[in-house]
Amino acid sequence: MRYNTGMNEQIYITKATGERELFDESKLISSLERSGADSNIAKKVLAHIKAELEDGMSTRDIYRHAFEVLNREEKPVAMKYSLRRAIMDMGPTGFPFEKLIAEIFRTKGFEATTEFVAEGDCVEHEIDVAAWNKEKLIMIEAKFHNELGMKSDLKTVLYVNSRWADLANKEFPGFGDKARKLDEGWLITNTKFSEQAIKYALCRNMKLVGWNYPREGSLQDMIEESGLHPITVLDSISQKEKSILMEAGVITCKQAIENQDIVLQSGVHKEKIEKMIAEIKLIQNKKLNG
């Protein structure tokens with residue numbers, strides 16, 4: 016779907032990388048539709064953006080204006096639209112991101128751990144996430160960035176591939192009833208990969224998962240299919256309160272609902288917890304009835 020901005024002048028916007036590019040309303044509409052916005056809501060968001068748009072406006076400001084409209088009109092859509100930034104808000108360390116990846120694999124029927132040291136042919140390796148079932152053992156390098164413009168480049172992919180090569184011939188106990196070899200080594204990031212990184216990975220048959228890569232089975236797809244939205248998508252609690260909950264082991268909205276005893280013991284004020292739980296239930300109910 017494409018709408019006409021009604022502007023004769025060319026408006027340039029500033030990306031997170033600092034690059035400038037022409038404002039393309041089709042990109043905005045595409046991201047809105049991917050988040051579940053219908054045509055009426057998309058039109059409202061576009062109209063709001065057009066009223067505020069000026070040369071040099073940052074993509075962050077465009078996102079903020081779009082989110083304001085979505086949050087007012089349809090909260091579950093706003094949650095999906097804000098998901099990428101919510102993942103970045105899980106930082107500054109990558110540990111909550113690793114926990115999220117482990118939880119996603121558990122929804123797929125795997126057992127998973129974030130605390131595993133693997134002995135390679137040459138050196139030991141601290142594995143971010145190990146996931147296994149009866150068929151396969153997967154080890155995952157979870158590369159977390161808290162800035163939109165960051166990419167995992169060729170250097171990162173070369174480094175990760177060398178780790179998997181060092182582990183390829185070893186057997187590892189503790190993953191079932193017998194020692195097992197590594198079946199798959201993955202690199203998962205919450206941002207993007209450079210073209211050279213993708214080219215090398217395809218050549219070496221590496222498994223890469225980024226925010227929007229591959230076309231099917233991206234990180235965004237994995238999160239939405241699992242239903243494990245991070246608590247950082249919520250706007251009923253502050254970033255400090257989100258950090259407190261994540262330190263207590265409550266990473267996702269689902270965990271907050273299922274582990275309310277841990278939430279209550281976290282140190283977050285009871286009144287704020289009640290608002291948070293109410294927001295989560297509102298989102299869940301709208302998703303079920305929408």
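Mapping of the sequence shown onto my numbering: residues 16 to 305, in sequence order.
Built from N, CA and C at the ideal position, the CB exists for glycine as well.
(message) Less than 8 Å between the beta carbons of ILE6 and PHE112, yes or no?
(response) This structure gives no information on residue 6, because the portion of the chain shown stretches from 16 to 305.
(message) Looking only at its chain, what residues have a beta carbon closer than 7 Å to the beta carbon of PHE208, apart from the 5 residues adjacent to it on each side?
(response) LYS166, SER167, LEU223, GLY225, TYR228
(message) Let's see if you can read the secondary structure: which residues bound the alpha helix (DSSP H) around LEU260?
(response) 254-262
(request) Take THR20 and list the residues in its own chain whose beta-carbon comes closer than 6 Å to its own, dropping the five residues that flank it on each side. (result) Reliability fails at THR20, whose pLDDT of 44 lies under 50, so the model's placement of it is uncertain and the value that follows must be treated cautiously. Taken in chain order, the residues that qualify are GLU40, LYS65.
(request) Compute the beta-carbon to beta-carbon distance between HIS160 and ASN220, rounded to the nearest angstrom, for a pair I have assumed lies under 8 Å. (result) The pair is not a contact, with the Cβ atoms about 25 Å apart (cut-off 8 Å).
(request) Go ahead and label GLY305 buried or exposed: buried means 16 or more other beta carbons lie within 10 angstroms of its beta carbon, across all protein chains shown. (result) Unreliable placement is indicated for GLY305, whose pLDDT of 49 sits below 50; the coordinate value is still reported in the next sentence. Exposed, since its Cβ has fewer than 16 Cβ neighbours within 10 Å.
(message) Check this for me: beta carbons of ILE295 and ILE272, under 8 Å apart or not?
(response) yes
(message) Is the beta carbon of MET72 closer than 8 Å to that of ILE28?
(response) yes
(message) Taking the alpha carbon of LYS30 as the reference point, which residue from ASN274, LEU61, LYS58, ILE77 has its own alpha carbon closest?
(response) ILE77
(message) Check whether the segment 50-58 and the segment 82-96 touch, using three or more Cβ-Cβ pairs below 8 Å as the test.
(response) yes
(message) Looking only at its chain, what residues have a beta carbon closer than 7 Å to the beta carbon of MET291, apart from the 5 residues adjacent to it on each side?
(response) LEU249, SER251, ILE252, ALA271
(request) Name the one or two DSSP bridge partners that GLY225 has. (result) TYR228
(message) Looking at the strands, I want to know which residues DSSP matches up with MET154.
(response) ALA145, GLY200
(message) Based on DSSP bridge pairs, tell me the residues matched to LYS166.
(response) LYS207
(request) Would you mind stating whether LYS158 and ILE116 have Cβ atoms separated by less than 8 Å? (result) no
(request) Look up HIS140 in the DSSP assignment and say whether it is helix, strand or coil. (result) strand
(request) Return helix, strand or coil for LEU37, following the three-state DSSP convention. (result) strand
(request) With PHE131 as the anchor, note down where its beta strand (DSSP E) starts and where it stops. (result) 131-134
(request) Take VAL172 and list the residues in its own chain whose beta-carbon comes closer than 6 Å to its own, dropping the five residues that flank it on each side. (result) ALA212, TYR215, ALA216
(request) List the whole-angstrom C-beta distance separating VAL138 from ILE155, where the pair is believed to meet the contact cut-off of C-beta under 8 Å. (result) No, VAL138 and ILE155 are not in contact; Cβ-Cβ is about 18 Å, not under 8 Å.
(request) State yes or no: is the C-beta of HIS140 within less than 8 Å of the C-beta of ARG178? (result) yes
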